[in-house]
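Just so you know, the protein sequences line up as chains E and V, in that order. Start counting the first sequence at 1; every next residue gets the next number (the working numbering). Start counting the second sequence at 1; every next residue gets the next number (the working numbering). I have placed the structure first, in the form of structure tokens, so that the comments after it can refer back to it.
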Amino acid sequence: MKTKFILLFLGVGLMLASCSKYPPSSDRLLEDMAIYTKVDLNVKFEEYKTFAIVPVVSYIDGKDSASITTPNAISLLNRITSNMTGRGFKSVATNAHPDLGINVTAIKNTNTSVYYPGWYWGYPGYYPPNWWGYPGYGYGYPYYPTYVVTYSTGTVIIDLVDLKNPTADNKVMIRWNAYIRGLLTTTHTENDILRCVDQAFAQTPQIKTTPVSGK
Amino acid sequence: MKKIILILTVLVLMAGTTQSQDQPVSLGFTPSSYYTFSWNTTFTMGDFNKWVGNASPAGFDLGGRYFIKGGLVAGFNIMWQRVSQSYGYQTYYGDDGSAITSTNYRFTWMVPFQGVIAYHFIPDKMVSPYIGLGIGGDYMEHHLLVQEYDLYKTRWDFSLTPEIGALVKFGSYSSWGALVAFNYKYTTNKIEFKNNWTSKNLQMLNLKVGLVLIVR
Numbered sequence: 001m002k003t004k005f006i007l008l009f010l011g012v013g014l015m016l017a018s019c020s021k022y023p024p025s026s027d028r029l030l031e032d033m034a035i036y037t038k039v040d041l042n043v044k045f046e047e048y049k050t051f052a053i054v055p056v057v058s059y060i061d062g063k064d065s066a067s068i069t070t071p072n073a074i075s076l077l078n079r080i081t082s083n084m085t086g087r088g089f090k091s092v093a094t095n096a097h098p099d100l101g102i103n104v105t106a107i108k109n110t111n112t113s114v115y116y117p118g119w120y121w122g123y124p125g126y127y128p129p130n131w132w133g134y135p136g137y138g139y140g141y142p143y144y145p146t147y148v149v150t151y152s153t154g155t156v157i158i159d160l161v162d163l164k165n166p167t168a169d170n171k172v173m174i175r176w177n178a179y180i181r182g183l184l185t186t187t188h189t190e191n192d193i194l195r196c197v198d199q200a201f202a203q204t205p206q207i208k209t210t211p212v213s214g215k
Numbered sequence: 001m002k003k004i005i006l007i008l009t010v011l012v013l014m015a016g017t018t019q020s021q022d023q024p025v026s027l028g029f030t031p032s033s034y035y036t037f038s039w040n041t042t043f044t045m046g047d048f049n050k051w052v053g054n055a056s057p058a059g060f061d062l063g064g065r066y067f068i069k070g071g072l073v074a075g076f077n078i079m080w081q082r083v084s085q086s087y088g089y090q091t092y093y094g095d096d097g098s099a100i101t102s103t104n105y106r107f108t109w110m111v112p113f114q115g116v117i118a119y120h121f122i123p124d125k126m127v128s129p130y131i132g133l134g135i136g137g138d139y140m141e142h143h144l145l146v147q148e149y150d151l152y153k154t155r156w157d158f159s160l161t162p163e164i165g166a167l168v169k170f171g172s173y174s175s176w177g178a179l180v181a182f183n184y185k186y187t188t189n190k191i192e193f194k195n196n197w198t199s200k201n202l203q204m205l206n207l208k209v210g211l212v213l214i215v216r
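What follows is the structure in structure tokens.
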């Protein structure tokens, strides 16, 4: 009799314990590094030859913001530059009418929050279209941008701006975004940052001066 | 809700046990039917094993079987199962120009329901081995969790499940017993994430261990 009850309780307990559809939140891996990219599939990157990168990283920490040129920031900018030149683009000065512009932003949020791509455009260090030679213009997306949830681990954002083809409604379009999440912690090294930049480009074969059959 | 299920199950168990204590000891009996409640462990196979390689103890099975003639029985099984596994950094591509590289968590949960025919070789004995075949379908959800992105597909299928097992009575005239069974399951289900993953004809092995309510 007693054995039967023990067996029954074990059985019922196991059944009820197994009923969850989703894994526990601790298994959902939200705090791990993630490299998310989105590219405009309609753009032909072989039509672009030159690029310029903003020489600072726009840094946002809660309500505070700054333009930073720390060694890590410079390494980040240099790595983006080397990836672009590796894809056949020529690095030129920002006042040399580049075909593409690159803005880099680092966001260190201390609270879990949801933000939409583009809200950081007004912060110092993120250069508006008039800085690139398009006064009165705004930035725009040719594709539907996906929201990104950011955590205390932070996010680095790379925006690739189309300076060659401003739209008739006075917009300079973003042709590629990269969101690298989980970098702004003490546990990640400079090499991690550089590796993530490489991965962002690796998963976007479309960015190249020669035609590719991208995914 | 869970408490109510627990209390009802205990009451049913107590009623069955009381009945069994009134019976004289003899050579046993052939039941008219029996109902099974089993804990299920799943071992994925083939393409399904590439999707999730871990064996999973997350599953249970409810069944009822009715003796038609001699040792031949017919009945049903309804189950719930989940298999899951975490994986390291991998890159997934969307159709819209998006790509994400990160650790990921894959899981499939399923609700199989089958009609069952089986043959018990010695149905009146305390240990009654059988062979059986389940025919039916499954509802499956395949999830790929990459950070906050939950990509998933739902699919219905047709399935076949040959099974061997044994019903073990707790006494010659007991209304309760144990079930141990092992089956191979073939389904027409598939996992398909465009650009990223395709697994077809999902197969698995299942080990079932449970309690049986025996009706004379």
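Don't be surprised by glycine CBs; every beta carbon is placed ideally from N, CA and C.
Interface flag, residue i vs chain E, CB-CB below 7 Å
{"i": "V:Thr101", "result": "yes"}
{"i": "V:Gln21", "result": "Residue placement at V:Gln21 cannot be trusted, given a pLDDT of 46 that sits under 50; what the coordinates show is reported in the next sentence. Not closer than 7 Å to any Cβ of chain E, the Cβ of V:Gln21 fails to qualify, so no."}
{"i": "V:Tyr32", "result": "For the record, residue 32 of chain V in the displayed sequence is Ser; it is not Tyr. No, V:Ser32 does not count as interfacial toward chain E."}
{"i": "V:Thr154", "result": "no"}
{"i": "V:Thr91", "result": "yes"}
{"i": "V:Gly165", "result": "no"}
{"i": "V:Ser98", "result": "yes"}
{"i": "V:Gln147", "result": "yes"}
{"i": "V:Val25", "result": "Model confidence at V:Val25 stands at a pLDDT of 44, short of 50, so the residue's coordinates are unreliable; what they give is reported in the following sentence. No - not a single Cβ of chain E is within 7 Å of the one on V:Val25."}
{"i": "V:Thr18", "result": "Here the model assigns V:Thr18 a pLDDT of 44, short of 50, so the residue's position is not dependable, and the following value carries that caveat. Judged by the 7 Å Cβ criterion, V:Thr18 is not in contact with chain E."}
Which of helix, strand or coil DSSP assigns to residue i
{"i": "V:Ile117", "result": "strand"}
{"i": "E:Leu160", "result": "strand"}
{"i": "E:Leu100", "result": "strand"}
{"i": "V:Arg106", "result": "strand"}
{"i": "E:Val43", "result": "coil"}
{"i": "E:Phe201", "result": "helix"}
{"i": "E:Gly136", "result": "coil"}
{"i": "E:Asn130", "result": "helix"}
{"i": "V:Val25", "result": "In this prediction, V:Val25 scores a pLDDT of 44, lower than 50, which makes its location untrustworthy; the coordinate-derived value is nonetheless stated afterwards. In the structure shown, V:Val25 sits in coil (DSSP, three-state: anything other than H, G, I, E or B)."}
Residue range of the unbroken alpha helix (DSSP H) whose run includes residue i
{"i": "V:Lys50", "result": "46–51"}
{"i": "E:Ala73", "result": "71–86"}
DSSP bridge partner residues for residue i (one or two, in chain order)
{"i": "E:Lys38", "result": "E:Asn177, V:Ser98"}
{"i": "V:Asp150", "result": "V:Leu145"}
{"i": "E:Glu190", "result": "In the DSSP output, where bridge partners are listed per residue, E:Glu190 has none listed."}
{"i": "E:Tyr123", "result": "Paired residue(s): none; E:Tyr123 is not in a bridge."}
{"i": "V:Pro162", "result": "V:Leu133"}
{"i": "V:Val127", "result": "V:Val168"}
{"i": "V:Ser32", "result": "According to DSSP, which records beta bridges pairwise, V:Ser32 is partnered with nothing at all."}
{"i": "V:Asn232", "result": "Shown here, chain V extends from 1 to 216; a query on residue 232 of chain V therefore has no answer."}
{"i": "V:Met140", "result": "V:Met110, V:Arg155"}
{"i": "V:Ala55", "result": "DSSP, once it has assigned bridges, lists no residue as partnering V:Ala55."}
{"i": "E:Ile107", "result": "E:Ile60, E:Thr155"}
Contact with chain V by residue i, beta-carbon distance below 7 Å
{"i": "E:Ser26", "result": "Caution is warranted here: a pLDDT of 49 is assigned to E:Ser26, below 50, making its placement in the model unreliable, and the coordinate value is therefore given only provisionally. By this cut-off, E:Ser26 is not an interface position."}
{"i": "E:Thr37", "result": "yes"}
{"i": "E:Ala34", "result": "yes"}
{"i": "E:Leu100", "result": "no"}
{"i": "E:Leu41", "result": "yes"}
{"i": "E:Lys215", "result": "Its pLDDT being 42, under 50, E:Lys215 is placed unreliably by the model, and nothing is read from it."}
Opening and closing residue of the beta strand (DSSP E) in which residue i lies
{"i": "V:Phe60", "result": "59–69"}
{"i": "V:Arg82", "result": "72–93"}
{"i": "V:Trp197", "result": "197–199"}
{"i": "V:Gln217", "result": "Only positions 1 to 216 of chain V appear in the structure, and residue 217 of chain V is not among them; the question remains open."}
{"i": "E:Ala168", "result": "That residue, E:Ala168, is in no beta strand (DSSP E); it is neither H nor E in DSSP."}
{"i": "V:Ala181", "result": "176–187"}
{"i": "V:Phe193", "result": "191–193"}
{"i": "E:Ser65", "result": "64–68"}
{"i": "E:Phe89", "result": "E:Phe89 -> no beta strand (DSSP E), and no H or E assigned at all."}
{"i": "E:Leu60", "result": "Note that residue 60 of chain E is Ile in the sequence shown, not Leu. Start and end: 57–61."}
{"i": "E:Thr50", "result": "50–53"}
Touching by the beta-carbon criterion (3+ pairs, under 8 Å), the region 133–144 of chain V and the region 187–201 of chain V: yes
Three or more beta-carbon pairs under 8 Å between the region 83–103 of chain V and the region 121–135 of chain V, yes or no? Under the Cβ criterion (8 Å, minimum of three pairs), the region 83–103 of chain V does not count as touching the region 121–135 of chain V.
Counting pairs of Cβ atoms below 8 Å between the region 133–142 of chain E and the region 164–180 of chain E, do you hit three or more? yes
Do the region 37–45 of chain V and the region 53–61 of chain V meet, that is, are 3 or more Cβ pairs less than 8 Å apart? Yes: at least three Cβ pairs fall under 8 Å.
Three or more C-beta pairs closer than 8 Å, one from the region 146–164 of chain V and one from the region 108–119 of chain V: is that the case here? Taking 8 Å as the limit for Cβ pairs, the verdict is that the region 108–119 of chain V does touch the region 146–164 of chain V.
Given 8 Å as the limit, is there contact between the region 82–99 of chain E and the region 38–51 of chain E, that is, 3 or more CB pairs closer than that? yes
Do three or more CB pairs link the region 75–92 of chain V to the region 58–66 of chain V at distances below 8 Å? yes
Contact between the region 72–91 of chain E and the region 117–136 of chain E is defined here as three or more beta-carbon pairs at a separation below 8 Å; is this criterion met? no
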